[in-house]
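Using UniProt numbering, you'd call the opening residue of the sequence shown number 1 and step up by one each time.
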Amino acid sequence: MKEETGNTVLSMATFISKRTSTCVRRQGEVDGRHVTIVDTPGWWKSLPVADTPELDKEEILFSMSLCPPGPHVLLLTLRVDMSFTAAEKKSVEEHMQLHDERVWAHTIVLFTHGDCLGDVTVEEFIESEGEALQWLVEKCGNRYHVLNNENWNDGSQITELLEKIEKMVAQNRGHYYEIDLKTLKEVKQKRKSYSC
1 MKEETGNTVL SMATFISKRT STCVRRQGEV DGRHVTIVDT PGWWKSLPVA DTPELDKEEI
61 LFSMSLCPPG PHVLLLTLRV DMSFTAAEKK SVEEHMQLHD ERVWAHTIVL FTHGDCLGDV
121 TVEEFIESEG EALQWLVEKC GNRYHVLNNE NWNDGSQITE LLEKIEKMVA QNRGHYYEID
181 LKTLKEVKQK RKSYSC
(Lines of atoms letter the chains of each structure in order from A and count residues from 1; the text may use other names and numbers.)
(Lines give C-alpha, C1' and ligand atoms only; values in the text may rest on other atoms or scores of the structure.)
Protein backbone atom coordinates (compact mmCIF):
# COMPACT_ATOMS: atom_id res chain seq x y z
CA MET A 1 0.00 0.00 0.00
CA LYS A 2 2.70 2.53 0.97
CA GLU A 3 4.82 1.56 -2.02
CA GLU A 4 1.87 2.02 -4.38
CA THR A 5 1.28 5.44 -2.86
CA GLY A 6 4.92 6.46 -3.38
CA ASN A 7 4.71 5.29 -6.97
CA THR A 8 1.47 7.22 -7.51
CA VAL A 9 2.91 10.44 -6.07
CA LEU A 10 6.10 10.18 -8.16
CA SER A 11 4.13 8.94 -11.22
CA MET A 12 6.56 6.09 -11.75
CA ALA A 13 7.11 2.55 -10.53
CA THR A 14 10.09 3.22 -8.30
CA PHE A 15 9.07 1.38 -5.12
CA ILE A 16 8.73 -2.40 -5.13
CA SER A 17 5.45 -3.62 -3.63
CA LYS A 18 6.62 -5.79 -0.78
CA ARG A 19 7.04 -5.43 2.95
CA THR A 20 9.85 -2.98 3.61
CA SER A 21 12.38 -4.01 6.26
CA THR A 22 14.62 -0.99 5.78
CA CYS A 23 13.93 2.57 4.75
CA VAL A 24 13.89 3.25 1.02
CA ARG A 25 14.27 6.81 -0.30
CA ARG A 26 13.23 7.94 -3.75
CA GLN A 27 13.17 11.40 -5.31
CA GLY A 28 11.53 13.04 -8.27
CA GLU A 29 10.04 16.17 -9.75
CA VAL A 30 6.30 16.51 -9.25
CA ASP A 31 4.42 19.56 -10.51
CA GLY A 32 7.70 21.48 -10.64
CA ARG A 33 8.56 20.57 -7.05
CA HIS A 34 11.45 18.45 -5.82
CA VAL A 35 9.85 15.63 -3.82
CA THR A 36 11.58 13.11 -1.56
CA ILE A 37 9.60 10.10 -0.38
CA VAL A 38 10.88 7.73 2.28
CA ASP A 39 9.12 4.39 2.58
CA THR A 40 9.52 3.00 6.09
CA PRO A 41 8.74 -0.37 7.59
CA GLY A 42 5.14 -0.39 8.65
CA TRP A 43 3.55 -2.14 11.56
CA TRP A 44 0.74 -4.64 11.70
CA LYS A 45 -2.56 -2.79 11.96
CA SER A 46 -3.37 -3.57 15.59
CA LEU A 47 0.03 -4.69 16.85
CA PRO A 48 1.12 -2.92 20.05
CA VAL A 49 4.43 -1.08 19.74
CA ALA A 50 5.89 -3.45 22.36
CA ASP A 51 5.43 -6.32 19.87
CA THR A 52 6.94 -4.49 16.90
CA PRO A 53 10.49 -5.72 16.16
CA GLU A 54 13.20 -3.39 17.47
CA LEU A 55 14.76 -3.15 14.00
CA ASP A 56 11.46 -1.86 12.57
CA LYS A 57 11.14 0.74 15.32
CA GLU A 58 14.71 1.89 14.72
CA GLU A 59 14.12 2.13 10.96
CA ILE A 60 10.98 4.20 11.56
CA LEU A 61 13.04 6.62 13.64
CA PHE A 62 16.01 6.55 11.24
CA SER A 63 13.75 7.45 8.31
CA MET A 64 13.53 11.01 9.60
CA SER A 65 17.22 11.52 8.80
CA LEU A 66 16.83 10.50 5.14
CA CYS A 67 15.35 13.81 4.03
CA PRO A 68 17.58 16.42 5.65
CA PRO A 69 17.11 18.67 7.44
CA GLY A 70 13.89 16.78 8.24
CA PRO A 71 10.55 15.86 6.68
CA HIS A 72 7.96 18.53 6.14
CA VAL A 73 5.17 15.94 6.18
CA LEU A 74 4.49 12.41 7.33
CA LEU A 75 1.78 10.66 5.34
CA LEU A 76 0.00 8.13 7.51
CA THR A 77 -1.56 5.75 4.98
CA LEU A 78 -4.84 3.94 5.63
CA ARG A 79 -6.96 1.93 3.24
CA VAL A 80 -10.56 3.08 2.91
CA ASP A 81 -11.68 -0.48 2.22
CA MET A 82 -10.57 -1.66 5.69
CA SER A 83 -12.13 -0.52 8.95
CA PHE A 84 -10.11 1.39 11.53
CA THR A 85 -10.74 -0.08 14.97
CA ALA A 86 -9.98 0.99 18.54
CA ALA A 87 -7.08 -1.51 18.58
CA GLU A 88 -5.64 0.09 15.43
CA LYS A 89 -6.07 3.54 16.98
CA LYS A 90 -4.04 2.40 19.97
CA SER A 91 -1.37 0.93 17.70
CA VAL A 92 -1.07 4.13 15.65
CA GLU A 93 -0.90 6.23 18.80
CA GLU A 94 1.84 4.04 20.30
CA HIS A 95 3.89 3.92 17.10
CA MET A 96 3.65 7.67 16.58
CA GLN A 97 4.93 8.11 20.14
CA LEU A 98 8.22 6.63 18.93
CA HIS A 99 8.77 10.21 17.77
CA ASP A 100 7.17 12.76 20.07
CA GLU A 101 3.99 14.82 20.30
CA ARG A 102 5.28 17.34 17.71
CA VAL A 103 4.98 14.73 14.97
CA TRP A 104 1.20 15.20 14.78
CA ALA A 105 1.61 18.79 13.54
CA HIS A 106 3.40 17.37 10.49
CA THR A 107 1.09 14.43 9.74
CA ILE A 108 -1.64 14.04 7.14
CA VAL A 109 -3.89 10.98 6.97
CA LEU A 110 -3.68 9.63 3.44
CA PHE A 111 -6.59 7.36 2.56
CA THR A 112 -5.67 4.97 -0.24
CA HIS A 113 -7.89 2.93 -2.55
CA GLY A 114 -10.21 5.91 -2.85
CA ASP A 115 -12.04 4.22 -5.72
CA CYS A 116 -13.65 1.97 -3.07
CA LEU A 117 -15.56 4.95 -1.66
CA GLY A 118 -17.87 4.99 -4.67
CA ASP A 119 -20.39 7.79 -4.20
CA VAL A 120 -19.55 8.25 -0.50
CA THR A 121 -17.58 11.40 0.31
CA VAL A 122 -14.49 11.08 2.47
CA GLU A 123 -16.23 13.16 5.14
CA GLU A 124 -19.15 10.72 5.20
CA PHE A 125 -16.67 7.85 5.38
CA ILE A 126 -14.83 9.38 8.35
CA GLU A 127 -18.12 10.01 10.16
CA SER A 128 -19.43 6.49 9.51
CA GLU A 129 -16.22 4.78 10.66
CA GLY A 130 -16.69 5.97 14.23
CA GLU A 131 -14.67 7.43 17.07
CA ALA A 132 -11.31 5.78 16.40
CA LEU A 133 -10.92 7.21 12.90
CA GLN A 134 -12.43 10.55 13.92
CA TRP A 135 -9.85 10.75 16.72
CA LEU A 136 -7.00 10.10 14.27
CA VAL A 137 -8.17 12.71 11.78
CA GLU A 138 -8.59 15.27 14.58
CA LYS A 139 -5.16 14.38 16.02
CA CYS A 140 -3.72 15.22 12.59
CA GLY A 141 -5.36 18.66 12.63
CA ASN A 142 -8.23 17.46 10.40
CA ARG A 143 -5.76 17.05 7.56
CA TYR A 144 -6.51 14.19 5.18
CA HIS A 145 -6.48 13.32 1.53
CA VAL A 146 -7.91 10.53 -0.61
CA LEU A 147 -5.78 8.86 -3.25
CA ASN A 148 -6.94 6.55 -5.98
CA ASN A 149 -3.86 4.38 -6.57
CA GLU A 150 -5.54 2.73 -9.57
CA ASN A 151 -5.55 6.00 -11.51
CA TRP A 152 -1.90 7.01 -11.96
CA ASN A 153 -2.83 9.35 -14.78
CA ASP A 154 -4.97 11.65 -12.62
CA GLY A 155 -2.36 14.26 -11.77
CA SER A 156 -4.99 16.44 -10.11
CA GLN A 157 -5.12 14.18 -7.04
CA ILE A 158 -1.36 14.63 -6.55
CA THR A 159 -1.53 18.38 -7.18
CA GLU A 160 -4.26 18.62 -4.55
CA LEU A 161 -2.17 16.57 -2.09
CA LEU A 162 0.86 18.82 -2.65
CA GLU A 163 -1.33 21.89 -2.08
CA LYS A 164 -2.52 20.42 1.23
CA ILE A 165 1.07 19.73 2.22
CA GLU A 166 2.10 23.29 1.33
CA LYS A 167 -0.80 24.65 3.41
CA MET A 168 0.30 22.54 6.38
CA VAL A 169 3.93 23.64 5.95
CA ALA A 170 2.77 27.28 5.94
CA GLN A 171 0.75 26.64 9.12
CA ASN A 172 3.97 25.25 10.64
CA ARG A 173 5.75 28.45 9.48
CA GLY A 174 7.97 26.43 7.16
CA HIS A 175 9.35 24.29 9.96
CA TYR A 176 10.04 20.64 9.29
CA TYR A 177 9.84 17.81 11.80
CA GLU A 178 13.10 17.45 13.70
CA ILE A 179 14.01 14.17 15.31
CA ASP A 180 15.68 14.45 18.69
CA LEU A 181 19.43 14.42 17.95
CA LYS A 182 20.25 12.17 20.91
CA THR A 183 17.67 9.63 19.70
CA LEU A 184 19.01 9.81 16.15
CA LYS A 185 22.59 9.26 17.35
CA GLU A 186 21.50 6.19 19.34
CA VAL A 187 19.62 4.75 16.35
CA LYS A 188 22.58 5.32 14.03
CA GLN A 189 24.92 3.57 16.49
CA LYS A 190 22.57 0.58 16.73
CA ARG A 191 22.26 0.38 12.95
CA LYS A 192 26.04 0.45 12.64
CA SER A 193 26.41 -2.42 15.11
CA TYR A 194 23.86 -4.51 13.15
CA SER A 195 25.75 -4.08 9.89
CA CYS A 196 29.02 -5.38 11.31
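By construction, the Cβ of each residue, glycine as well, lies at the ideal position given by its N, Cα and C atoms.
In the structure shown, residue 37 adopts extended strand secondary structure according to DSSP, grouped into three states. Of the other Cβ atoms in all chains shown, fewer than 16 fall within 10 Å of the Cβ of residue 142; this residue is therefore exposed. Between the alpha carbons of residue 56 and residue 75 lies a gap of roughly 17 Å. Counting only the Cα atoms, residue 23 lies some 17 Å from residue 10.
DSSP places residue 27 inside the beta strand (DSSP E), whose first and last residues are 24-30.
Within its own chain, the residues whose Cβ lies closer than 8 Å to the Cβ of residue 184, once the five positions on either side in sequence are excluded, are 61, 62, 64 and 65, listed in chain order.
Exclusion of the five residues before and after residue 162 leaves 30, 31 and 33 as the residues of its chain whose Cβ lies within less than 7 Å of its Cβ.
Separation of the CB atoms of residue 95 and residue 49 is rounded to 5 Å, and the pair is thereby assigned contact status at 8 Å. According to the DSSP assignment, residue 61 belongs to the alpha helix (DSSP H) that extends over 54-62. As summarised for the segment 118-147, the continuous alpha helix (DSSP H) elements at least 4 residues long and confined to that stretch are 122-129 and 131-139, given in chain order.
Rounded to whole angstroms, the gap between the alpha carbons of residue 126 and residue 157 is 19 Å.
Taking 9 Å as the cut-off, the Cβ atoms of residue 43 and residue 36 do not count as close. The beta carbon of residue 116 sits closer than 7 Å to the beta carbons of 80 and 81 from its chain, once the five residues preceding and following it are set aside; these are given in chain order.
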